[in-house]
Amino acid sequence: MLARTDSRARALVLLLFLSLIAAAIGGRLAWWHVLEHDRLAAMAAQQLAQNQEIPAERGVIRDARGQLLATSVQVFSVYATPPEVRDAQEEATILASLLHIPKDQLVARLSGGKAWVWLQRRVEPVISDTIAALELPGIGLLPETRRVYPTAGVAPGSTLAAQLIGYVNLDGTGHYGVEGARNALLAGSPVHVVAEEDIAGRQIADSVQLSQQAVNGSDLRLTIDSAVQHILESQMYDTFTRNHARGATGIVMDVHTGAILAMATFPSYDANRYASANPSLYDNPAVARPYEPGSVMKAFTIAAALDAGAITTRTKVVDHNNLRIAGVRIQNADRFDHPWGHGAITPQQVLQLSNNNGAAKIGLKLGGERLYQAFRRFGFGQPTGIDITGEVGGTVWNPRSRNASGDLTTAQNAFGQGLTVTAVQLVAGYAAIANGGTMVTPHVIAGWTDGSGTFHPTRLPTGERVMRPETSAAVMKLLLGAIDGGIAKGAQVPGYSIAGKTGTAEIAGPVKVRDASGKVVTRNRYIAGWIDSSFIGVYPASRPQLVTLILLHRPATWGRYVMSQRPEVVFHLLAPQILDYLAIPPDRRTAPVASR
577 MLARTDSRAR ALVLLLFLSL IAAAIGGRLA WWHVLEHDRL AAMAAQQLAQ
627 NQEIPAERGV IRDARGQLLA TSVQVFSVYA TPPEVRDAQE EATILASLLH
677 IPKDQLVARL SGGKAWVWLQ RRVEPVISDT IAALELPGIG LLPETRRVYP
727 TAGVAPGSTL AAQLIGYVNL DGTGHYGVEG ARNALLAGSP VHVVAEEDIA
777 GRQIADSVQL SQQAVNGSDL RLTIDSAVQH ILESQMYDTF TRNHARGATG
827 IVMDVHTGAI LAMATFPSYD ANRYASANPS LYDNPAVARP YEPGSVMKAF
877 TIAAALDAGA ITTRTKVVDH NNLRIAGVRI QNADRFDHPW GHGAITPQQV
927 LQLSNNNGAA KIGLKLGGER LYQAFRRFGF GQPTGIDITG EVGGTVWNPR
977 SRNASGDLTT AQNAFGQGLT VTAVQLVAGY AAIANGGTMV TPHVIAGWTD
1027 GSGTFHPTRL PTGERVMRPE TSAAVMKLLL GAIDGGIAKG AQVPGYSIAG
1077 KTGTAEIAGP VKVRDASGKV VTRNRYIAGW IDSSFIGVYP ASRPQLVTLI
1127 LLHRPATWGR YVMSQRPEVV FHLLAPQILD YLAIPPDRRT APVASR
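Numbered according to our numbering, the sequence shown spans residues 577 to 1172.
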């Protein structure tokens, strides 16, 4: 009796134990299937799906007058779903001749373990039409877009404003220029294509679908005027080839708004065929190449000294062409013609003669710290904030810093040696001189249009006043005199007053020298014949509207920097075309043409 009772007790305990286990398993299953269902389903879908991103329709880019500069055209891309391919060898043989891909590579893709694989992106219409007609099992076509730059540039094998606009790569991502700077805005949100797989990694039939719809990109409108751009490119390419230069950069900018009407750089490339171009051409030298500016900086030195009250326009400094500071002799460019200098000279003569000794002494009168701070206010040594990629800030040395040389650095800063600027910084600084003393932000994007058709103008920061209006007017008068009575008379334009300045600076490069121990080492030294030569002009000087920079990088020279075509001559040829196109009226009387 007792044995039977014990047996029943053990059975009851075992039953209760098994019931508890079953309840725990059931509870856990309920947890997984009900409360955790969505999360687990998403995890399973992620593990069993192959996701492919297809770019949305990219926004177009137009110039200030609506001309199309960049657009996208629909093309098809060829893909394969290997699990659906019936005969990899046969299909590879057919596709190899159409896609110009080796057969063995295609066989490997078509018979691989992936559920989805690209065969070729963005094929020509005749190829996609042929493939569609063949109806090969496991081979499909997806619509994509290809970026097109429809306007040819002036240089053979180039597109208009290539380095300003940039390009879009195979995956639909913008690089360089405005394509890179505003990629997110232009690109929109991509399409996501999903192909599901089973646990063995095989694609499930008819599972290719769109998991996310595209949101098309916004359109950009630039400040660039294609006509002005073409005029500038024509003139810059001509002088680039005439001078056998390593590079040429030209900028035309509105002095009041900072809107850039044209920006041309050479050598250039074809953005439609960017992959075949030298990658060194992608950067825009107008913003990405710092260089020693030379005498164009003398206008800022004089402006800073006038604004601080360190000099007046009647102040005289003595030029003996023999200024020595810290054991370094500073001489003038015309030292062979005037070895003893020009004696007592005014700020006007400093600009007319492009006199290094005079500019250095004005800088020293002002003081190194104040000159340095003035250059910083004019935007040197820091990016301007222009809306294209790759901008650098250049370098301006504080004479008191560890890497500087006190008064020698001050003197060199004053006439534009030993510091570096960019082309866009220089036009921004001269714009402030021209517009009454307020800095502007150079920009190439006027605004953007969203999907609803609403235009959003570019928001620009309020410009900082960097000098008094009276100083601005005084410096403009001096720069006008520098053209009318100075060494840059070649820049004059009949019927218009031009205020401007030339600049020439030697370029340093790597040379092999012997150190104190006699060992041959590489050092950076100024190299004879290597120069950056420039001219910057504001016009019309009586009511300034535009500032234009012409910069030649390492033109072929002989003698005392003689070249085939000087930058001021380029300006003289360029400016009348721009003035005529923009219908800017003359501000000077021209001599009447004698009648016969």
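Just so it is clear, CB atoms sit at the ideal spot from N, CA and C, and this is done for glycine as well.
query	result
Could you tell me which of H1148, Y1072, T877 sits nearest to R1165, measuring between CA atoms?	Y1072
Rounded C-beta distance between V828 and L1055? I'm assuming under 8 Å.	That pair is no contact at about 18 Å.
Return the first residue and the last residue of the beta strand (DSSP E) that D680 is part of.	Unbroken run through D680 is the alpha helix (DSSP H), 679-686; no beta strand (DSSP E).
Among L762, N854, E868, V968, which one has its Cα closest to the Cα of S648?	L762
Can you tell me which of the three DSSP states R722 falls into?	strand
Among Y813, V654, A847, R662, which one has its Cα closest to the Cα of H1129?	Y813
Sort out for me which residues DSSP pairs W694 with in a bridge.	Y655
Taking the C-alpha atoms as reference points, what is the distance between L1127 and A824?	6 Å
Please state whether the Cβ-Cβ distance between F991 and V972 is less than 8 Å.	no
Report, in whole angstroms, the separation of the C-beta atoms of Q1141 and T841, which I expect to be a contact under 8 Å.	Q1141 to T841, Cβ: 17 Å. No contact.
Should S871 and K1065 be called a contact, given that it needs their Cβ atoms to be closer than 8 Å?	no
Does DSSP put K1088 in a helix, a strand or coil?	strand
What did DSSP end up calling F876 once you bin it into helix, strand or coil?	helix
Return the chain-ordered list of same chain residues with a C-beta closer than 7 Å to the C-beta of D639, the five sequence neighbours on each side being excluded.	L645, L798, I800, D801, S802
Exposed or buried, which one is Q681 when buried takes at least 16 other CB atoms within 10 Å?	exposed
Indicate the three-state DSSP secondary structure (helix, strand or coil) for R1136 in the structure shown.	coil
On the DSSP letters alone, give me the boundaries of the beta strand (DSSP E) that Q1102 sits inside.	Note on residue identity: the sequence assigns Tyr, not Gln, to residue 1102. Looking at the DSSP string, the run of the beta strand (DSSP E) that includes Y1102 is 1096-1115.
For G729, which residues in the same chain have their Cβ closer than 7 Å to its Cβ, ignoring the five residues on either side in sequence?	T735, L736, A738, E809, S844
May I ask you to report which of helix, strand or coil DSSP gives K892?	coil
Of all the options G635, I807, G994, P1143, which has the alpha carbon lying nearest to the alpha carbon of E1196?	A question about residue 1196 goes unanswered here, because the residues of the chain that appear run from 577 up to 1172.
Relative to the C-alpha of V831, which candidate in F1147, V893, A1022, N1011 has its C-alpha closest?	N1011
Using 8 Å as the cut-off, can you tell me whether the segment 931-943 makes contact with the segment 891-901, which would need three or more C-beta pairs spanning the two stretches below that distance?	yes
With respect to the beta strand (DSSP E) encompassing T998, which residues constitute its N-terminal and C-terminal limits?	No beta strand (DSSP E) holds T998; DSSP gives it neither H nor E.
Check whether the segment 918-938 touches the segment 957-965, taking contact to mean three or more Cβ pairs, one atom from each stretch, closer than 8 Å.	no
Could you tell me the boundaries of the alpha helix (DSSP H) in which A757 lies?	753-757
What are the boundary residues of the alpha helix (DSSP H) that includes R953?	944-953
So is F652 buried or exposed if we call it buried at 16+ other beta carbons inside 10 Å?	buried
Any idea if A709 is buried or exposed, counting beta-carbon neighbours within 10 angstroms, 16 or more meaning buried?	exposed
So, at 6 Å on beta carbons, what are the nonlocal neighbours of R1180 in its own chain, with the 5 sequence-adjacent residues on each side left out?	The question about residue 1180 has no answer here: the residues shown for the chain are numbered 577 through 1172.
Could you check the C-alpha separation between K690 and I715 for me, to the nearest Å?	14 Å
Count Cβ pairs between the segment 1011-1021 and the segment 1034-1046 that sit closer than 8 Å; are there 3 or more?	yes
Helix or strand or just coil, what does DSSP make of W608?	A caution first: W608 carries a pLDDT of 47, below 50, which makes its placement in the model too unreliable to give a value.
Where does D846 land, buried or exposed, given buried means 16+ other C-beta within 10 angstroms?	buried
Considering only the alpha carbon of each residue, which of T922, A879, T888, T889 lies closest to Q949?	A879
Do you know whose CA, among H820, N759, Q811, lies nearest N792's CA?	N759
In this structure, how does DSSP classify H1019 when only helix, strand and coil are distinguished?	strand
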